[in-house]
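S.K.: Provided herewith is a single structure, encoded as structure tokens, for subsequent inquiry.
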């Protein structure tokens, strides 16, 4: 018989932390906490395999699941001395989701399950607190009604708000037993009205309804969006955790809270978190009441920290903090409840953190001996480094303060104000930068939060939904800005007499919690010492080199600052568009004779030589891969009549001549037209001028610096060996001429960009004429798929959403198709020439998943945009460490 259900707590040890694939992160960690002696209420986990079976079998459960659940429920009853559906001493349970990776707020939870019109009376008598019992019952109906029965959550909230208005109170905690009885009756009427059925009174029916809802929530829109954003496969499924309830809402000696063993925003080694007296867990993250800090050291005037309110529970929590971090060797995100001064642990998981915090924690934990350097390298998400490498607010810039909230997620962002997630997504799709402004975010806002540059909420604390999700996404977030009012109807936010309307710009400083009217100037960030330390550790472990795609001195200097080991792609056509040289380019294009073209190219030569001299100087002694002219010539010609007339006047000709030449060069499909090496074959003088500029610039730098650069001259779009032989001969001829003229030589290489399927399939032949291959995966993706990158954006997002493609193949390499082509090219190229240097220079060179693939196929280096160089260095190290682990496994 297949085992579907695993018990934990009360002496049962059926699960472990390393069973997260089967039990989900929450279930595995509950079992682990129980096994190391922490106070965990007993419960059981229904495995992720049931979720998979649930969807594979049209939402039908395995036949023997019910019996296993009933048996596990009896284990809980025995452990706590209570019975499910007992009218005097009822057992209540929570039902929670738990995927193998944390997905905060994306799936559903039901608390206080087991209450009905009879058991609520028994609970009140057993606890000697009827108000607590009816408060718990209204919570259960609200959660169950929303999660399981599909009644709009806000309909329930409206009833509570009306009750508070009638009672003249502000806080939920001020409502009496009588009030909650009234609310419960209103809730039941609402459920009957909305569903056509009375609220279910049978606890076993309630339990299976909740289990089904949690499994069902795996496929809700927000969970699907979250999985897509974080590359979580749908087939992983979620587990369901059923656990005996403990109550933080029984009075002033009860509380519930969320905490982190270190500061998730900065990484500082301090206990960080919030709690609420007389509350349940949802109250803390919902932001309806203002939570209090845990520690006296961070408490502000008027705040009552847990350390003061419940000193014994706080001391026990501090001990748990140390035990968990030592056990898991990572920062933990903990949920806890205090029931009548007794501490219970409800969850632990590796906490979401900002890039800066991740970096600091990894380095400090390694220095403290908790982990080693290799593990520290593996701890930091390479993509998150982007957060550290982009601008922050200029401290000298003028600014107008609108208001202030909590610095929930660091970083700075400016954008136009939008009040809905749908609008955030639509405006971002049009190229606008937006700030999502909400009273409070909910899991349904996940798509808008991802689209926005930053998030502002007027409710919620440092552990609210907005704060946790923003930190995980690397979005700046200011939360709990209570001094700012938001009016969805008028689309206005206001504070201190100032108003900002939808569509107007604000700036957030997630490091200070400040909100400013208008945009504020930004500056480049200072890279911290921890950053340099981790990068040095990464460099010790990576095998592949990391270069940058750069053609301007600024890009090259940025790349060197971030540790690039050369240039892997210099796109020379970008240099041609400079206003000082575009006329010479156009003169060359419209000329109808070789001599005319050479005359125009001679005017370009000094510019190109200086371009390369600057790059060689910045990259002193490092390889610089220069791609000779690639785009079709018509791209350099003007299209508007006014521009054509200006070119005609400057070149001493008429507009008809310019238009005729443009018509002659026009192509129906330029991507597959007269471009790349085909230009070099048709117009050898173009590549000869570029080769001369490269060699003259390189020799000049060698003489100036005493350190010769190493140009790697790359011929684009080769599909036949003969193309490379012809164009290589042009380069070698010019090299010989320049070396003879200068009386000195330098080392250089000639290779090709592999971006056509034919080049891949005949890579063994082409390797005979090449010193290196660089896989141009942008065009290789286009030619393998038969896609136009410029046009595919109209439908590729739908393909990803529909599961036709796992990711946009222009963002992360298509391993099955394009990757297979790269693998063939590697194998054939190296079979023909064992020492053939192999690299990648498409946009995939900065994508961690693509870099992992590059390590697996044995490329020598990756090349990416300058700001992605640290990302690539870290990803390459992680790929090498992963490969080493696989070899020793």
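Residue numbers (this note's numbering): 6 to 894.
Even glycine gets a Cβ: it sits at the ideal position worked out from N, Cα and C.
1) With DSSP as the reference, label residue 392 as helix, strand or coil.
2) For residue 497, which residues in the same chain have their Cβ closer than 6 Å to its Cβ, ignoring the five residues on either side in sequence?
3) With a cut-off of 8 Å on the beta carbons, I'd call residue 618 and residue 561 a contact; round off their distance for me.
4) Using only CA atoms, which one of 628, 727, 427 and 400 lies nearest to residue 530?
5) Can you round the beta-carbon distance between residue 553 and residue 40 to whole angstroms, since I take them to be within the 8 Å contact cut?
6) Does the Cβ-Cβ distance between residue 412 and residue 517 come in under 8 Å?
7) CB-CB under 6 Å to residue 77, same chain, minus the five flanking residues each way: which ones, in chain order?
8) What would DSSP say about residue 755, mapped onto helix, strand or coil?
9) Do residue 311 and residue 349 come within 8 Å of each other at the CB atom, strictly closer than that value?
10) Write down every uninterrupted run of the alpha helix (DSSP H) in the segment 273 to 343 whose length is 4 residues or greater and which is fully enclosed by it, in chain order.
11) Go to residue 219, then tell me how far its alpha helix (DSSP H) extends in each direction, as first and last residue.
12) Quick check on the DSSP output: the beta strand (DSSP E) that includes residue 575 runs from which residue to which?
13) Less than 8 Å between the beta carbons of residue 25 and residue 33, yes or no?
14) Against chain B, with Cβ distances strictly below 8 Å, would residue 323 count as a contact?
15) Between residue 598 and residue 629, what straight-line distance do the alpha-carbon atoms span, to the nearest angstrom?
16) Could you name each continuous alpha helix (DSSP H) segment of 4 residues or more that falls completely within the segment 223 to 275, going from the start of the chain to the end?
17) How should residue 184 be labelled, buried or exposed, when 16 other C-beta atoms within 10 angstroms of its C-beta is the threshold for buried?
18) Quick one: what's got a C-beta closer than 8 Å to residue 315's C-beta in the same chain, skipping five residues either side?
19) At what residues does the beta strand (DSSP E) containing residue 866 begin and finish?
20) Could you check what DSSP says for residue 585 in three-state terms: helix, strand or coil?
21) Determine the extent of the beta strand (DSSP E) in which residue 107 is found, giving its start and end residues.
22) May I ask you to list the residues that DSSP assigns as paired with residue 17?
23) Is the distance from the Cβ of residue 796 to the Cβ of residue 805 below 8 Å?
24) Nearest-angstrom Cα distance between residue 623 and residue 716?
25) Give the secondary structure of residue 137 by DSSP, where H, G and I count as helix, E and B as strand, and everything else as coil.
26) Alpha carbons only, please: which of 577, 782, 441 and 486 is nearest the one belonging to residue 510?
27) Helix, strand or coil: which one does DSSP assign to residue 413?
28) Do you know whose CA, among 484, 488, 572 and 416, lies nearest residue 527's CA?
29) By alpha-carbon positions, which one of 109, 247 and 253 ends up nearest to residue 140?
30) Roughly how far, in whole angstroms, is the beta-carbon of residue 101 from the beta-carbon of residue 246, given that I think they are within contact range, below 8 Å?
31) Output yes or no for whether 8 Å exceeds the beta carbon distance between residue 782 and residue 847.
32) By DSSP, does residue 722 sit in helix, in strand, or in coil?
33) Could you have a look at residue 492 and say whether DSSP puts it in helix, strand or coil?
34) Count the other CB atoms within 10 Å of the CB of residue 493; is the residue buried (16 or more) or exposed (fewer)?
35) Check the DSSP bridge columns for residue 844 and list the partner residues they point to.
36) At which residues does the beta strand (DSSP E) containing residue 114 begin and terminate?
M.R.: Let me lay it out:
1) helix
2) 504 and 506
3) In fact, because the Cβ distance is near 12 Å, the residues do not count as touching under 8 Å.
4) 400
5) That pair is no contact at about 49 Å.
6) yes
7) Closer than 6 Å at Cβ, skipping near neighbours: 10, 12 and 49.
8) strand
9) no
10) 286 to 291, 311 to 314 and 316 to 333
11) 208 to 222
12) 572 to 576
13) yes
14) Going by chain labels, chain B is absent from the structure shown, which holds only one protein chain.
15) 33 Å
16) 226 to 234
17) Residue 184 comes out buried.
18) Once the five neighbours on either side are set aside, the close Cβ partners of residue 315 are 258, 260, 343 and 346.
19) 866 to 869
20) Coil, per DSSP.
21) No beta strand (DSSP E) holds residue 107; DSSP gives it neither H nor E.
22) 14
23) no
24) The alpha-carbon separation between residue 623 and residue 716 amounts to approximately 13 Å.
25) helix
26) Distances from the alpha-carbon of residue 510 to those of 577, 782, 441 and 486 put 441 closest.
27) strand
28) 416
29) 253
30) 5 Å
31) yes
32) coil
33) Strand at residue 492.
34) The residue is exposed, with fewer than 16 neighbouring Cβ atoms inside 10 Å.
35) 779 and 866
36) 114 to 118
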